[in-house]
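Worksheet: one structure, shown below.
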Amino acid sequence: MEYLIRDHQRERLTIALALLAMTVAAPCAAKSSSSDPAVTIDFANGLYARRMYGPAVGEYEKFIRLNPDSPELPSARFRAADSRYFSGSYKSAVFYFKEFIRDFPGDGRVPMARFRTALARYHLGEFAPAARIFVALAKESPDPLLRSGALFYLGKIYESRKNPERALEIFRRLMGLYPRSEYSAYAALAMGERFIGERDFASAAGAYEFAAKVADASPENAALREKALLGLFACDYSRRDLKTALRRWQSHKAFIAGSACEPQILYLLADLESEKREGSLSVHFLEKVIGHPQADDGLKEKAFFKKCETLSAIGEAEEALAGLEEYLNGGKGDLSRAGYEKARALEALGRAEEAARIYRGLVTTVPESAWTEQALYEKTLLKIIEIDLDRRDYAKASEEAAAFVRERPGSRFLDAAHYKLGVSLAGLKDYGRAAEAFGKVGEGSPWHGRALYGLAACLENQKLPDAAIRAYEKINALYPGSGFSDEAFSRLVYLYLQSGEPEKAALLCGEILSAKPTVRIYPDAAFWLAEYLLGRCRRLGPGCGAWAEAMYRHRGAYGIRSLQGLLHLAKDIPVHQLESAAARALEHACWRLRDLRALALADDKVVQLGFLQAHPLIRDLSAYRIAFPS
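Note that the sequence shown ends on residue 769 in our numbering; no numbers are left out.
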């Protein structure tokens, strides 16, 4: 299998091999000067075995020239072409493999020569002739490893031709036919990468699990196992599944420790851990990344900044600030990012004025050439606006937000800027312009819900209740269960009453009381609604009116649902029957609607009231978690 897998591993040549080449070159040169064919071919084969392909070509060429009738000639011809392939001379390799196939058609290495020819054409971007050879090999080759390799590269060709569905079909066929082949594992890795790009994390995890099983059966191929594990951790990370990621880390800890993939895995775990409030384990992981011998400088710097960010978030901003000061004093690296994180640490310490000065300095000094710096530039501007909003300096915040919107119309932070502009204008009581700013926040934006609430509040302040109602109703439709929705329910009860729609207000209030304990009902709204419903109950008759008033005195705002229920009962039960039942319920202090209904439907001679009074005592309103502002 080594002769195929070598193609995957040749990028992993170590410095040790280069040093070996330097140390053996001089003594071996003396041996190669011998005219003995056996010595020459042995020396060439030794270079080939050590992957010293450049010198090997010269030795094979010497042997071929001097020994045209040797029985070793086919082997020398094949390995001379193979050495050209592995040294990256693909055009030359194609030519010499073709000559080998022509001159030695019965040699057992012909299928491999065809495979190498196709690979060389693949690397040259000559996909059509490469695909024809791969298709033929997949059908005709007696070697299952060659057949699996041909299918793998055929799939890669379809990927290169922007035909991912056909590539996926071939990869699945390969994995089904040759489930233990390392080529199947590499196909699974390619599939996993594609599924992650499509955010199909379940399918991606399945593909990486397949690759991991093949890797477990090939312990000598550590790189394959590392790639499969990294893919699985990437799936856990993308799903924000810290529990599974930690369990996976513990299961493979012995293999991961000291491996090339360890720093990347530790960083992913740290990023997930940083979402937890304590964050101490995240800092521990990040420190291991920073000190890891296999982590590159880019990842170490990324881990350093993540550590500073996490320390600020968990209340250890002083430590973050000290590390950032040391970094900045060094005068090297991403100084703009360091300045940004320093400002965030100062914010966490309550030093907003110092933070704002740093942010403003970054805005004027950070260049806009690189994407990351551009993103930093935009975030910094938004942070400046946020600080001014926190200080209630609405005039300055509105100027900065308006400038951002005007100067950066294509920014991916434009929705955030529109929202902050709306907040600052609302703080200035400029509700018309604030509503306009809130209305420009896109529906797909994470800022949309709060912007929609801001729009509704501005419309209320502009005395446009109908438009405000539509905005609040839209919040309930788009963001059910959110804090915006809770507040929208409260405002809608009030606005329905204001707009002369008490029935709608009553229905909404009933829903709040039965299913939304976190939603508050404004006292004046509850009072107006109760008065409206009590008036309707009085019109049913003196008995119903008296029971309704007494029941509401006992049950408070929660009795609004019972008032609605009484009005509904009047549609199904004759009023005289309901009047009689209400009088008896009042006499025996029965305040539950179901008791009143039972009395109304039962025969006078059969009804006993003892069971009605066996219900739990009427509880205080606080037991229902309904909060009323004073």
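All residues carry an ideal CB built from backbone N, CA and C; glycine is no exception.
Nearest residue (CA-CA) to G264, options R677, R300 and S231: Of R677, R300 and S231, the residue nearest in Cα terms is R300.
Can you have a look at G593 and say buried or exposed, based on whether 16 or more other CB atoms are within 10 angstroms of its CB? Per the 10 Å Cβ criterion, buried.
Does Q703 come out as helix, strand or coil in the three-state DSSP assignment? Helix at Q703.
With respect to the alpha helix (DSSP H) encompassing K427, which residues constitute its N-terminal and C-terminal limits? In the DSSP assignment, K427 falls within the unbroken alpha helix (DSSP H) covering S419 to I429.
From A574 to G561, what does the alpha carbon distance come to, in whole angstroms? Cα-Cα distance, rounded: 7 Å.
Do A275 and G294 have their C-beta atoms closer together than 8 Å? No, they are not a contact pair.
Check the C-beta distance from A384 over to L368 and give it rounded, since I have them as a contact under 8 Å. The C-beta distance from A384 to L368 rounds to 11 Å, too long to fall under 8 Å, and the pair is not in contact.
For the alpha helix (DSSP H) that contains H587, what are its first and last residues? Run containing H587: H587 to N600, per the alpha helix (DSSP H) assignment.
For L732 and L679, what's the separation of their Cα atoms in angstroms? Taking the straight line joining both Cα atoms gives about 16 Å.
Starting from E552 and walking both ways along the alpha helix (DSSP H), at which residues does that stretch end? Rather than Glu, the amino acid found at residue 552 in this sequence is Phe. Element bounds for F552: n/a, residue is neither H nor E.
So, at 7 Å on beta carbons, what are the nonlocal neighbours of D473 in its own chain, with the 5 sequence-adjacent residues on each side left out? Excluding positions up to five away in sequence, the list reads E440.
Segment contact, 8 Å Cβ cut-off, at least three pairs: the segment 394-414 with the segment 425-433: By the Cβ rule, the segment 394-414 counts as touching the segment 425-433, because three or more pairs are nearer than 8 Å.
CB-CB length for E455 against E480, believed under 8 Å: The C-beta distance from E455 to E480 rounds to 13 Å, too long to meet the 8 Å contact threshold.
Quick one: what's got a C-beta closer than 6 Å to G104's C-beta in the same chain, skipping five residues either side? Outside the displayed range of the chain (140 to 769) lies residue 104, so it cannot be described from this structure.
Whole angstroms are fine: how far does the CA of L702 sit from the CA of L673? Spanning the alpha carbons of L673 and L702 requires a straight line of approximately 7 Å.
D282 to S323 span [Cα, whole Å]: Spanning the two alpha carbons is a distance of roughly 15 Å.
Measure the beta-carbon distance from A495 to I526 and round it to whole angstroms, keeping in mind my assumption that it falls under 8 Å. With a Cβ gap of about 5 Å, A495 and I526 count as contacting.
Can you have a look at A741 and say buried or exposed, based on whether 16 or more other CB atoms are within 10 angstroms of its CB? With fewer than 16 other CB atoms across the displayed protein chains lying within 10 angstroms of its CB, A741 is exposed.
Decide if R204 is buried, meaning its Cβ has at least 16 other Cβ atoms within 10 Å, or exposed. Exposed, because fewer than 16 other Cβ atoms sit within 10 Å of the Cβ of R204.
With distances taken Cα to Cα, identify the nearest neighbour of A540 among T511, R530, A514 and A576. It is A576 whose Cα lies nearest to the Cα of A540.
Apart from the five residues just before and just after R476, which ones in its own chain have a Cβ nearer than 7 Å to its Cβ? Taken in chain order, the residues that qualify are F444 and L515.
Using a Cβ-Cβ cutoff of less than 8 Å, which residues in the same chain neighbour E681 once the five nearest sequence positions on both sides are dropped? For clarity, residue 681 is Pro in the given sequence; the question names Glu instead. Closer than 8 Å at Cβ, skipping near neighbours: E718.
Are the Cβ atoms of R286 and A277 separated by less than 8 Å? Yes, the Cβ-Cβ distance between R286 and A277 is below 8 Å.
Alpha carbons only, please: which of S214, L212, Y235 and A326 is nearest the one belonging to R223? Nearest of S214, L212, Y235 and A326 to R223, Cα basis: Y235.
State the start and end residues of the unbroken alpha helix (DSSP H) segment that holds H693. Run containing H693: P681 to R694, per the alpha helix (DSSP H) assignment.
State the DSSP-derived secondary structure class of Y297, mapped to helix, strand or coil. Under the three-state reduction of DSSP, Y297 is assigned to helix.
Which same chain residues end up closer than 7 Å to Y187 when comparing Cβ atoms and leaving out the 5 residues on each side of it in sequence? Within the same chain, Y187 has close Cβ partners A195, R218 and S222.
Under a Cβ-count criterion, where at least 16 other Cβ atoms within 10 Å of its own Cβ denotes burial, should K602 be classed as buried or exposed? Exposed.
Excluding the five sequence neighbours on either side, which residues of its own chain have a C-beta within less than 6 Å of the C-beta of H557, listed in chain order? Shown here for H557: same chain residues with a beta carbon closer than 6 Å to its own, the five before and five after excluded, namely A576, K579 and V580 in chain order.
CB F552 to CB E517, shorter than 8 Å? Yes; because the gap between Cβ atoms is below 8 Å, this pair is in contact.
Check whether F372 and Y325 have beta carbons under 8 Å apart: Remark: C-beta atoms of F372 and Y325 do not approach each other more closely than 8 Å.
C-beta atoms of R387 and D375 nearer than 8 Å: Less than 8 Å divides the Cβ of R387 from the Cβ of D375.
What residue range does the alpha helix (DSSP H) around N468 cover? That run of the alpha helix (DSSP H) goes A456 to G469.
Go ahead and label F666 buried or exposed: buried means 16 or more other beta carbons lie within 10 angstroms of its beta carbon, across all protein chains shown. With fewer than 16 Cβ atoms within 10 Å of its Cβ, F666 is classed as exposed.
Label H587 either buried or exposed according to how many other C-beta atoms from any shown protein chain fall within 10 Å of its C-beta, with 16 as the threshold for buried. That one is buried.
Cβ pair L520, F543 closer than 8 Å: In contact: L520 and F543 (Cβ atoms closer than 8 Å).
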